[in-house]
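Inspection log for the structure reproduced underneath, given as structure tokens.
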Amino acid sequence: MRITKVEVYKVTLRYREVFRIALGASSRTTNLIVKIYTDEGMMGIGESCPSRRITHDSIETNLEALELLAPKLIGVDPTRIEYIHKLFRKLYGNPSIKAALDMAMHDIIGKAAGLPVYKLLGGFRSEIVTDITIGIKSPKEMAKAAVNLVEKGFRTLKLKVGVDPDEDVERIKAVRDSVGGDIAIRIDANQGWSVREAIDVLNKVYRYDIQLCEQPVKYNDLEGMARVKERSPIPIMADESVHDAKDAIKLVKLNAADVVNIKLMKCGGLHEAIKIASICESAGISNMIGCMGESRIAITAGVHLAMALENIIYCDLDSDLLNLDEVVAEGGASIEGDVRRVPDAPGLGIKGLKEDMLVFIKRWE
């Protein structure tokens with residue numbers, strides 16, 4: 021089997037409302053969709069959701085990267101994932117477009133094998149519970165949103181914080197008071213606190229039964245995060261601090277987190293994600309599978325990974341639920357209450373896209 025053609029499209033997805041985190045606010049996302057074709061009639065789909073603030077890439081740099089990578093893929097057997105990622109590593113950065121290409125090739129491999137991707141990668145579970153995220157708002161607004169989401173069936177809430185320590189405490193208190201004690205709450209500061217602020221806030225909100233605190237300090241301050249972990253009564257999860265397997269090794273050496281959030285857009289796809297999970301599992305560190313502003317395409321790939329690996333015990337795959345627009349027409353990840361599943365179909369299980377939403381950019385063959 022050989023790759024015969026690579027196509028790239030652009031799609032813009034609106035959020036249901038302005039989404040604010042400590043790093044900024046946005047109302048929409050522009051992503052890239054790739055289609056990879058083979059000489060055996062199979063086609064794989066992938067998605068890139070670049071972010072200058074987190075993955076340090078953009079639509080423009082993704083397309084520049086594709087100009088270099090796509091021609092090298094023509095004629096290559098898509099099952100040679102390790103070899104293909106060696107090609108990827110020769111190009112610095114742009115993990116989100118590498119993730120798109122990686123998931124498209126896993127889609128093809130699954131179709132060729134007649135198996136869903138999660139069974140190819142480990143097949144540990146058949147479903148996983150996701151949280152749902154609430155962006156930064158006033159304490160009253162976040163509490164109201166929390167009640168609404170719990171009424172829809174979500175049992176785990178992820179609260180964005182990190183703008184003002186005192187207000188963050190009030191936000192967390194308001195949400196806990198509004199939903200009662202049976203709902204799990206995670207918080208995510210998105211690098212918004214100093215080390216001292218993080219220690220202070222986490223000791224204040226411990227009484228509200230917080231499950232995890234994600235990325236309390238700057239991504240490049242692993243020593244600072246290790247100090248927070250040492251003095252925090254709440255488990256610490258690394259997100260922006262870990263992009264790839266090398267970052268995971270650095271974090272393990274410094275004992276800087278209890279959990280690592282794996283995102284396909286950060287690490288460059290399922291292949292590298294498995295390496296990160298293996299490092300973490302060997303060190304006794306659990307994993308979450310997270311997302312950015314992806315549609316159901318990349319969310320589906322994330323659910324496959326979560327279902328494949330035992331060490332992924334937390335799930336934050338909700339961006340498609342926060343989007344007003346959806347590019348998948350049929351198939352892909354589903355949700356019932358707060359339980360995510362994928363079809364027991366070959367590959368990713370995505371049967372069709374809303375082609376009228378896609379803006380064609382380029383073809384290589």
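Each residue of the sequence shown is one higher than the last, beginning at 21 in my numbering.
Positions of the beta carbon are idealized from the N, C-alpha and C atoms, including for glycine.
According to the DSSP assignment, lysine 160 belongs to the alpha helix (DSSP H) that extends over 159–171. Contact check between the segment 116–124 and the segment 280–296: three or more CB pairs, one atom from each, fall below 8 Å, which counts as touching.
Distance between lysine 110 and alanine 353, taken at the CA atoms: about 32 Å. Serine 47: member of the beta strand (DSSP E) spanning 44–58, first to last residue. A straight-line Cα-Cα distance of about 17 Å links lysine 160 and valine 38.
Shown here, aspartate 122 sits in a helix according to DSSP, grouped into three states. If you draw a straight line from the Cα of lysine 157 to the Cα of proline 91, it is about 46 Å long. As computed with DSSP, lysine 25 is found in a beta bridge with Tyr57. If you look at lysine 270, you'll find it in the alpha helix (DSSP H) that goes 265–274. Isoleucine 282 places its beta carbon less than 8 Å from that of isoleucine 309.
Listed as beta-bridge partners of phenylalanine 380 by DSSP are Tyr29. Between proline 136 and valine 362, the gap from beta carbon to beta carbon is short of 8 Å. With a threshold of 16 other beta carbon atoms within 10 Å, proline 253 falls short and is exposed. Considered as a whole, the segment 291–370 harbours 306–309, 332–335, 348–351, 354–356 and 359–361 as its complete beta strand (DSSP E) runs of no fewer than 3 residues, in chain order. Beta-bridge partners of cysteine 69 (DSSP): none assigned.
Arginine 251 sits in a helix when the DSSP states are folded into three classes.
The distance from the Cβ of histidine 324 to that of leucine 141 is about 7 Å, consistent with a contact at the 8 Å cut-off.
Contact between the segment 192–204 and the segment 225–240 is present: 3 or more CB-CB pairs across the two stretches fall below 8 Å. In the DSSP annotation of this structure, the continuous segment of the alpha helix (DSSP H) that includes methionine 285 starts and ends at 284–287. For the 8 Å CB-CB criterion, aspartate 338 and threonine 49 do not form a contact. Annotation for isoleucine 192: the continuous alpha helix (DSSP H) segment containing it runs 185–199.
A contact between stretches requires three or more CB pairs, one per stretch, nearer than 8 Å, and the segment 186–197 fails this requirement with the segment 366–384. For lysine 106, the closest C-alpha among the options Gly288, Ala365 and Gly313 is that of Gly288.
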